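Residue numbers (mature numbering (1 follows the signal peptide of the UniProt record, and there is no 0)): -23 to -1, 1 to 198.
For reference, the structure is listed below as structure tokens.
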Amino acid sequence: MKSPALIATILTAIISLPATATATPCNKHSKTYCIGTNYNQTLEKDYVCGDSRLGPVKLPNRLPLDSLLDIYDRFGGLCPGPFLAAYFNTTLGWWNYPPEAGFSLSTAGVAIRGNITLPAGTLIDRFGSEYGTYVSPAAAPYMQRALPPSNLDTPQDNPQFPYNYHVYRVVQPLVVLAGPIAPWFGQPGQGVQYMIYSNVMTLVNQGFLKREDPAALIARR
């Protein structure tokens, strides 16, 4: 097992991937702003262009989440339609994610990642359901995670988790596959992701993780 100090070594090797989309001037007040989206007038107060893929209209404005999205540009300078054309697979009906499980690549084209053990007491978090297998160090900026804007949608069947944000405390030492995050979805990435070997819900049920109130992140500041 490698220690968490591996993270520092990993980060020094981060490189940027070639851009997958080119930003062009975009005016959100233009009548053409929502061209290329699944525009739905009945949902436009909830989601950008009334399209849940584009995330909520209102981003958080209270701690701890406001600081995680402070300078977030959800489309990386693109208009919604070109953003979806670049990153959403209409055939599969889901996002195109980066290769190599989202880890940054070395100059040799090899994913930069390695097993580390998170000690008990470590706080981690996630934007997404508990069926996922990716978490990050708690309170990492959203743009460093290189996630699509839809990960910020509050689940309609689970509204007690605004913006689909979850915080966990490691209860038992937990082995994860760790590495720097590749740029994607118009975001710079280059934060750290932990890929876990069972989904979050399983690890909670097995006693490896404990759900925490996000307010715990405010208390430790």
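Glycine is no exception: its CB is placed at the ideal position from the N, C-alpha and C atoms.
As the structure is a prediction and not an experimental result, all values here were calculated from the model.
Local conformation of residue i per DSSP, three classes
i      : result
Asp43  : helix
Pro33  : strand
Thr94  : strand
Gln137 : coil
First through last residue of the alpha helix (DSSP H) which encompasses residue i
i      : result
Asn182 : 177 to 182
Gly58  : 57 to 64
Arg122 : 119 to 122
Residue nearest to residue i in terms of C-alpha spacing, selected from the options
i      : options                      : result
Leu100 : Lys187, Lys5, Asp28          : Lys187
Pro37  : Phe138, Thr94, Ser106        : Phe138
Ala123 : Pro150, Gly86, Asp50, Pro136 : Asp50
Ala70  : Ser29, Ile93, Pro33, Arg90   : Sequence check: residue 70 is Gly here, not Ala. Considering only alpha carbons, the answer is Ser29.
Ile89  : Pro157, Tyr171, Tyr24        : Pro157
Leu95  : Phe80, Arg39, Asp134, Gln149 : Gln149
Extent of the continuous beta strand (DSSP E) to which residue i belongs
i      : result
Tyr171 : 169 to 172
Arg146 : 142 to 147
Asp102 : 100 to 104
Gly156 : 151 to 157
Pairwise C-alpha distance: residue j and residue i
i           : j      : result
Cys56       : Asp47  : 20 angstroms
Phe162      : Tyr74  : 8 angstroms
Pro191      : Glu77  : 30 angstroms
Ala85       : Leu20  : 46 angstroms
Lys(-22)    : His6   : Residue placement at Lys(-22) cannot be trusted, given a pLDDT of 47 that sits under 50; what the coordinates show is reported in the next sentence. C-alpha separation (whole angstroms): 51 angstroms.
residue 203 : Leu154 : This structure leaves residue 203 out entirely; the chain is present only between -23 and 198.
Phe104      : Ser127 : 10 angstroms
Met120      : Cys11  : 23 angstroms
Val169      : Thr68  : 30 angstroms
Gly91       : Gly27  : 40 angstroms
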